[in-house]
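Q:
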Amino acid sequence: MISSQSRHSLRTVHPFRNCAGALPLAHCDRSSLARLFRVFGTQQPICALDGGTLVAVTGVAPAGTCQPTAIQIQRLRSPPNIIAIGPGAAARVGKWLAAWGERDPDQSHSHLGPLAVDAHLQGRGIGSKIMDEYCLRLDARAQAGYLETDKQENVHFYGRHGYAAIAQADVIGPNWFMICQPQRSA
Ligand SMILES: CC(C)(COP(=O)(O)OP(=O)(O)OC[C@H]1O[C@@H](n2cnc3c(N)ncnc32)[C@H](O)[C@@H]1OP(=O)(O)O)[C@@H](O)C(=O)NCCC(=O)NCCS
1374 MISSQSRHSL RTVHPFRNCA GALPLAHCDR SSLARLFRVF GTQQPICALD
1424 GGTLVAVTGV APAGTCQPTA IQIQRLRSPP NIIAIGPGAA ARVGKWLAAW
1474 GERDPDQSHS HLGPLAVDAH LQGRGIGSKI MDEYCLRLDA RAQAGYLETD
1524 KQENVHFYGR HGYAAIAQAD VIGPNWFMIC QPQRSA
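Going from the sequence shown to the working numbering is simple: count from 1 and add 1373.
#1: Going by other Cβ atoms of all chains shown within 10 Å of its Cβ, with 16 needed for buried, is Ala-1538 buried or exposed?
#2: Sorry if obvious, but does the Cβ on Arg-1465 come closer than 7 Å to a heavy atom of ligand 1?
#3: For Leu-1509, count neighbouring Cβ atoms within 10 angstroms of its own Cβ and tell me buried if that reaches 16, exposed if not.
#4: Ligand 1 and Gln-1495: does any heavy atom of the ligand fall closer than 7 Å to the residue's C-beta?
#5: Under DSSP, the alpha helix (DSSP H) around Tyr-1536 begins and ends at which residues?
#6: Just the C-alpha distance for Arg-1533 and Ile-1455, rounded to the nearest angstrom, thanks.
#7: Identify which residue in Ala-1462, Gly-1459, Gly-1425 and Thr-1415 has its Cα closest to the Cα of Pro-1441.
#8: Where does Asp-1439 fall in DSSP's three states?
#9: Taking DSSP as the reference, what is the three-state secondary structure of Gly-1500?
#10: Using a Cβ distance threshold of 8 Å, determine whether the segment 1456-1470 contacts the segment 1498-1515, with at least three qualifying pairs required.
#11: Within 10 Å of its beta-carbon, does Pro-1418 have 16 or more other beta-carbons around it, so buried, or fewer, so exposed?
#12: When you compare only the Cα positions, how much space is there between Ala-1472 and Cys-1439?
#13: What I want to know is whether the C-beta of Lys-1489 ends up closer than 7 Å to one or more non-hydrogen atoms of ligand 1.
#14: For Trp-1549, I'd like the list of residues in its chain whose CB is within less than 6 Å of its CB, leaving aside the five on either flank, ordered along the chain.
#15: Taking 7 Å as the cut-off, is the CB of Phe-1410 close to at least one heavy atom of ligand 1?
#16: Using a 10 Å radius around the Cβ and a threshold of 16 neighbouring Cβ atoms, would you call Ile-1444 buried or exposed?
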């Protein structure tokens, strides 16, 4: 695990808007992530940087902004986006978003996702460092956090950061729906 003295720094910058080209996420599908962040413009990403290189990123949708608007769905379904990510992947994303939207909690929450660490750096504590920072921000605002995941190993990972699974459903394979209650008041 990396420590807080690690060379990886965390910043709230938009990885693909203001710094386009400056922050290569070498082992991740950078263009798909960039498209996602472009459509969901309210995202407030937290990035882990190694010097000037992006090594991990998560999207954070502030309370009240996590469900796609009609315009965002239209943009997601635009021919350039479908061609870029492929019709099969576009159909899967559409199914996920619809199923996730149906289960979105009524409780006010910040919505986390996607979260990705550069493939060759996974398992070294970078994802945990991002989650620690994110959970501190939730607690400071007395804000609940919510997310979906489709991997059992991630349920364990998020559980270590205070999230509990509140539901499970089959959406192109198993999906877990997880919530984290704030630990202290603002
Ligand atoms: C899931 C992910 C963000 C975790 O970040 P990380 O920096 O690899 O994780 P950390 O080193 O901080 O913590 C390790 C824990 O993460 C979990 N984990 C999940 N996927 C992992 C992977 N590919 N490699 C290593 N750990 C992984 C394990 O629970 C592990 O705990 P363990 O060491 O007791 O087995 C990262 O592995 C990743 O980007 N995976 C691929 C994309 C993904 O699944 N994103 C989440 C979508 S909901």
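Note that the Cβ used here is the ideal one computed from N, Cα and C, for glycine as well.
A: To lay it out plainly:
#1: Against the sequence shown, residue 1538 aligns to sequence position 165. Exposed: under 16 other Cβ atoms inside 10 Å.
#2: Here the question's residue 1465 lines up with position 92 in the sequence shown. No, Cβ of Arg-1465 sits at least 7 Å from all heavy atoms of ligand 1.
#3: By one-based count along the sequence shown, residue 1509 stands at place 136. Exposed, since its Cβ has fewer than 16 Cβ neighbours within 10 Å.
#4: The residue you call residue 1495 lines up with position 122 of the sequence shown. Indeed, a heavy atom of ligand 1 lies less than 7 Å from the Cβ.
#5: To locate residue 1536, count along the sequence shown from 1; it is residue 163. Premise fails: Tyr-1536 is in no alpha helix (DSSP H) and is neither H nor E.
#6: Residue 1533 sits at position 160 when you count from the first residue of the sequence shown. Residue 1455 sits at position 82 when you count from the first residue of the sequence shown. Distance between the alpha carbons of Arg-1533 and Ile-1455: 36 Å.
#7: Along the sequence shown, read from residue 1 onward, the residue named residue 1441 stands at position 68. The option with the nearest alpha carbon to Pro-1441 is Thr-1415.
#8: For this step, residue 1439 is matched to residue 66 along the sequence shown. In the sequence under discussion, the amino acid at residue 1439 is Cys, which differs from the Asp named in the question. If DSSP states are grouped into helix, strand and coil, Cys-1439 belongs with coil.
#9: Start at 1 with the first residue of the sequence shown, and residue 1500 comes out as number 127. Helix at Gly-1500.
#10: no
#11: The sequence position of residue 1418 within the sequence shown is 45, counting from 1. Classification of Pro-1418: buried, given that the 10 Å Cβ count is 16 or more.
#12: Position 99 of the sequence shown, counted from the first residue, corresponds to residue 1472. Position 66 of the sequence shown, counted from the first residue, corresponds to residue 1439. Whole-angstrom Cα-Cα distance: 14 Å.
#13: The sequence position of residue 1489 within the sequence shown is 116, counting from 1. Residue identity differs from the one stated: residue 1489 is Ala in this sequence, not Lys. Correct: Ala-1489 has its Cβ closer than 7 Å to ligand 1.
#14: Here the question's residue 1549 lines up with position 176 in the sequence shown. Only Thr-1522, Val-1528, Ala-1538 and Gln-1541 meet the Cβ criterion.
#15: Here residue 1410 refers to the residue found at position 37 when the sequence shown is read from its first residue. No - ligand 1 has no heavy atom lying nearer than 7 Å to the Cβ of Phe-1410.
#16: Indexing the sequence shown from 1 puts residue 1444 at position 71. Under this definition Ile-1444 is an exposed residue.
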